[in-house]
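Trainee: Below you will find the structure I want to go over with you.
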Amino acid sequence: MAMKRWIAIIVAAVLIFISIGINSLSYLFTRDFSSFMEEIAAGNAGYSEVVIEQGKGRDRIAVLTLDGVIQDVGSSLFASGGYNHQLFMTQLNDILNDKSIKGVVLSVNTPGGGVLESSDIYDAIRAIQIDREIPIYVAMGGLAASGGYYVSAPAEKIFVHPETITGSIGVIMESVNYAKLAEKYGIDFNTIKTGPYKDIMSGSREMTAEEHNMLQEMINDSYERFVAIVAEGRNMTTEQVKKVADGRIMNGRQAIDSGLADDYGKIGDVIDAMKADYELENATVFEFAPMDSFGSLFGVKVGNLFGRNLESELIGKLLSDYDAPRMMYLYGEK
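Residues in the sequence shown are numbered consecutively from 1, following the UniProt record's numbering.
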C-alpha cells in the first residue's frame, strides 16, 4: 500500500478516537454518575429498571423484551445496539433471584436464532417457573417465529396480534456451494484434512449422500426436541404439534386456531390480564431498559462516520460473526 494511503488511514483513525474520547467524557459528565456506580455495584450496569406503572406494596411485574436475532455474538466496540444474549440471560437470572417479582411479561419480536441460545433462554424461563412458581405471559410482536416461538412455548399464556407472524417450527442448517462457479473461473482448492468429513458442508465441493444423512440426523434430533417443548408447553400431543410443525408460518388468528396461542392482546392488555389472573392489581410494573455504554457509543460514532450500512454489515460481520454452518431455529435469512 502506498505511503500516502497509510498516512491517510492513520490520520483518520486518530481523528475517530479523538472524537470518541471527547464524546465519552461528555457521556460521563452529563449523566447521573452516582446512579451509574450503583448499577455497577449491583452487577447490572448494562440495564436499569424503569417503572411503567407504580403500584402499592412490594409485589412487582417485570416486563422483559426480546428483540432481534437470538444469537450470542459476544461484545464488540463496534456494536451499537440489537440483541445482547449475555445481557438478556443476566436479566432472566436477576428475575430468578428477585423475590419481589411475582410475574413476568415477555415481549417477543424475533425471527429466532441459534439452537443453543434459544435453549439457554428456554432453560432460564423454566427455572423461573419451577423455582419461583411465578407466571410468565408472552406478548408477541410483529414477528415471533421459530426460536421466537421456542422460547415462548413454556409461557402460561401467549398473546398475539392479528398480524403477528409466528410458527416456523423447525430447524435449518445451510451453506453455499460455489464449487461449480469456482470451476468455471479456474479456481482450485487445496484442502489438507485429517478425516473424510473434516470439511463437511464446505462450499468448495459437493456434499455426499452420506454426509447429508449424518447432518439430517442431527437436524431431526433438534426438531424432535423443539416439538416436545411445544407439546409440553401448550398441553398438546406431539402428533397435534407436528400437524403445524412443518416450517410453516402463520398469522395471529391461525396461531390461536391451531392451539399455539391463547388470545389477542398488545403489551398493555397482557399486563392487565396477568394482574387479573393472579390478583396482582396493586403490583408495580417495571421494564428492563438498556443503558448507554462506551461500546455502544463507539459503534454509533463509527456508524455516523462511515454510514450505518458499513458499520452493521461490514464491521459487525468482520468482528463478531463467524459464518460457519450451524443449526438454527430461524425464520428467514441469516
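For glycine and all other residues, C-beta sits at the position ideal for the given N, C-alpha and C.
1) Output the distance between the C-alpha atoms of Ile70 and Leu116, rounded to the nearest integer angstrom.
2) Hey, would you say Gly114 sits closer than 9 Å to Met328, going by beta carbons?
3) Name the two residues that bound the continuous beta strand (DSSP E) containing Glu53.
4) Run through the DSSP bridge pairs and tell me what Asn109 is partnered with.
5) Do you know offhand how far residue 356's Cα is from Ile101's?
6) So, with DSSP's three-state summary, where would you put Ile125?
7) Given a threshold of 16 other Cβ atoms within 10 Å of its Cβ, counted over all protein chains shown, does Asp120 qualify as buried or as exposed?
8) Hey, could you find the ends of the beta strand (DSSP E) Glu287 is sitting in?
9) Mind checking who Ile271 pairs with in its DSSP beta bridge?
10) For the structure I just gave you, are there three or more beta carbon pairs, one from the region 148-162 and one from the region 262-280, closer than 8 Å?
11) Determine the direct distance from the alpha carbon of Phe286 to that of Val61, and round the result to whole angstroms.
12) For Val104, which three-state DSSP category applies?
13) Can Ser168 and Ser146 be called in contact, C-beta distance under 9 Å?
14) Who pairs with Arg326 in a beta bridge, going by DSSP?
15) Roughly how far, in whole angstroms, is the beta-carbon of Met89 from the beta-carbon of Ala139, given that I think they are within contact range, below 8 Å?
16) Which class does Gly195 belong to by DSSP, given the choice of helix, strand or coil?
17) To test your reading of the DSSP string, which unbroken alpha helix (DSSP H) runs of 4 or more residues are found completely within the UniProt domain "Peptidase S49" (131-280)?
18) For Ile10 and Val73, what's the separation of their Cα atoms in angstroms?
19) If the criterion is Cβ atoms closer than 9 Å, does the pair Leu143 and Thr191 meet it?
20) Give me the Cα-Cα distance between His212 and Asn220, rounded to the nearest whole angstrom.
21) Ignore the nearest five residues each way along the sequence and tell me which others in Asn251's own chain have a CB closer than 7 Å to its CB.
22) Here's a check: name, in chain order, each residue in its chain whose Cβ is nearer than 8 Å to the Cβ of Ile256, leaving out the five neighbours to either side.
23) Compare the Cα-Cα distances from Gln129 to each of Val108, Ser202, Gly82 and Val151 and report the closest residue.
24) Can you say whether Asn84 is buried or exposed, counting buried as having 16 or more other CB atoms within 10 angstroms of its CB?
25) What residues are listed by DSSP as bridge partners for Ile61?
26) Where Gly268 and Asp131 are concerned, what is the direct C-alpha to C-alpha distance, given to the nearest angstrom?
27) Rounded to a whole number of angstroms, what is the C-alpha to C-alpha distance between Lys242 and Arg248?
28) Look at the alpha carbon of Asp98 and the alpha carbon of Leu87, and state the distance between them as a whole number of angstroms.
29) Can you tell me the Cα-Cα spacing of Met274 and Gly195, whole angstroms?
30) Among Pro154, Leu64 and Gly112, which residue has its Cα nearest to the Cα of Gly233?
31) Let's see if you can read the secondary structure: which residues bound the alpha helix (DSSP H) around Asp94?
32) Val105: which of Ala283, Ser258, Thr65 and Pro290 sits nearest, CA to CA?
33) If Tyr331 sits next to Gly112, beta carbons under 8 Å apart, how far is it from one beta carbon to the other, in whole angstroms?
34) Name the DSSP beta bridge partners of Ala82, please?
35) One question on the structure: do Glu206 and Ala179 come within less than 9 Å of each other, judged by their Cβ atoms?
36) If you compare alpha carbons, which of Gly68, Gly55, Ile136 and Arg326 is closest to Ser202?
Mentor: According to the structure shown:
1) 9 Å
2) yes
3) Tyr47 to Glu53
4) Asp67
5) Outside the shown range of the chain (1 to 334) lies residue 356, about which nothing can therefore be said.
6) helix
7) buried
8) Thr284 to Pro290
9) According to DSSP, Ile271 bridges with nothing at all.
10) yes
11) Here residue 61 is Ile; the residue named in the question, Val, does not match the sequence. Answer to the nearest angstrom: the Cα atoms are 6 Å apart.
12) strand
13) yes
14) Partner(s): none; Arg326 has no beta bridge.
15) 20 Å between Cβ atoms; not a contact.
16) coil
17) 147-150, 179-184, 209-234, 238-242, 252-257 and 267-277
18) 28 Å
19) no
20) 12 Å
21) Pro162, Glu163, Thr164 and Ile165
22) Val160, Asp262, Asp263 and Tyr264
23) Val151
24) buried
25) Gly103 and Val285
26) 27 Å
27) 11 Å
28) 16 Å
29) 55 Å
30) Pro154
31) His85 to Asn97
32) Thr65
33) 6 Å
34) A small correction: the amino acid at residue 82 is Gly; Ala does not occupy that position in the sequence shown. For Gly82, which the question treats as bridged, DSSP gives no partner whatsoever.
35) yes
36) Arg326
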